[in-house]
Amino acid sequence: MISEWLARVGSSIPRGFSRHYILTLLKERPMTGKEIIDRAIAQTEGRWKPSPGLIYPLLGRLLDDGLVVENDDGRYSITKKGLAIIGDLESLNGIIHKQLDVILRIGNVGAAVATDLVDRVITIGTALSSNLGTMSRDDKSKYRQFLLSELKKLDEEEKRASDRKEKVDVE
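Numbering (this note's numbering), first residue to last: 13 to 183.
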C-alpha cells in the first residue's frame, strides 16, 4: 500500500517546494524565469524539469506577495520580506535535517515515514469523521467511497502478504 503511494507521489515535488526553491535561488543572485528553470534541471540532473507554466505564475504570486521584485533587465530579486521568509524556512529545514539524520542513524527511514504518514491519515480521518454532520451528502458519499477503496486495498495487501508467507512456509 505504501509502495503504491510512493510510486504515485515519490517523484513529485512537494507542495510549496517550488516557492521555497525560487526564493532560495534569488537569495544567491537575481535570475530570470528561464535561469531558474535551467538551474533546477541542472541541480537535479534532469529529475525535475519545472515548466514555464509553473515558474512564471509562481513568480507573479511572489511579486504580488512582495517577496520578489522584477528588475529592468527582466531578472527577479528577492526583497527583505522574501529574505525573512527564507530565514524561517532555513530554520525549519535545519530542524528537519537533524531529525532525518537521527532517523537514518538509528533505523529504517522508510518505516519512520510510513508510521508518520499513517498517524497523519488517522488524524485527518478522525477530523473528517467528527465533522460528518456538517458535510454535504456528496462529500459523505466521496468520503465513504474513499474509505471503502482504502479498506479494499488493505485487504488485498494482507492477502498478498499471507500468500507470500504461505509460499515461504511451503518451501
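We put the CB at the ideal spot given by N, CA and C, even for glycine.
All figures in this text were calculated on a predicted structure; none of them were measured in a lab.
With a cutoff of 8 Å on beta-carbon distance, L37 and I97 are scored as not near each other. The beta carbon of S89 sits closer than 7 Å to those of L38, P42, V80, V81, N83, all from its chain and outside the five residues before and after it, given in chain order. Rounded to the nearest angstrom, the Cβ distance from I53 to P64 is 12 Å, too far for a contact under 8 Å. A straight-line Cα-Cα distance of about 40 Å links D85 and K110. The beta strand (DSSP E) runs lying completely inside the segment 69-118 and spanning 3 residues or more are 80-82, 88-90, given in chain order. CA-to-CA, the gap between K61 and N105 works out to about 23 Å.
The Cβ atoms of G99 and L71 lie no closer than 8 Å to each other.
Within the model, the alpha-carbon separation for G145 versus T138 is close to 13 Å. Taking C-beta separations shorter than 8 Å and ignoring five residues to either side along the sequence, K92 has no partners in its chain.
Put simply, the backbone Cα of R87 is about 15 Å away from that of P69. Beta-bridge pairing by DSSP links M147 to no other residue.
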